[in-house]
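J.: Okay, here's the structure, questions in a sec.
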């Protein structure tokens with residue numbers, strides 16, 4: 741993308757396609773061997789409902805020294821997510837009919853009166 745041997749300076753080459761200069765000088769850092777071993781152990785756990793703290797406990801049981809925050813950082817990088825009920829799970833469908841509660845203003849005076 742950026743040609744350092746070109747007559748136009750690197751800063752000007754970054755300005756032309758509207759790139760920041762930091763992207764020109766960025767060199768990606770490869771994943772460390774320790775993180776690769778940790779991710780391989782996380783793959784072996786194979787529990788879809790485990791969140792980061794439960795995975796952390798499993799890894800500590802296997803001899804890894806790891807924090808829950810580091811596990812939470814690695815999970816999206818691996819493309820894993822815990823399966824649990826998310827927010828607004830019981831939201832009704834917009835096309836669903838909402839029926840009124842017919843006993844709203846009535847006072848019950850005995851058992852079975854509403855029936």
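Numbering (the working numbering), first residue to last: 741 to 855. For glycine and all other residues, C-beta sits at the position ideal for the given N, C-alpha and C. Bear in mind that the values here come from a model prediction, so they are computed numbers and not experimental data.
Please report the distance separating the alpha-carbon of residue 838 from that of residue 851.
T.: Answer to the nearest angstrom: the Cα atoms are 27 angstroms apart.
J.: Mind listing, in chain order, the continuous beta strand (DSSP E) runs of no fewer than 3 residues lying wholly within the stretch 777-836?
T.: Correct list: empty.
J.: Comparing alpha-carbon positions, which option in 854, 809 and 791 lies nearest residue 844?
T.: Taking only the C-alpha atoms, the option nearest residue 844 is 854.
J.: Within 10 angstroms of the Cβ of residue 796, are there 16 or more other Cβ atoms? Answer buried if so, exposed if not.
T.: Residue 796 should be labelled buried.
J.: Within the chosen definition, does the stretch 798-805 reach the stretch 817-824 through at least 3 CB pairs nearer than 8 angstroms?
T.: With a cut-off of 8 angstroms, the stretch 817-824 and the stretch 798-805 do not count as touching, because too few Cβ pairs lie within range.
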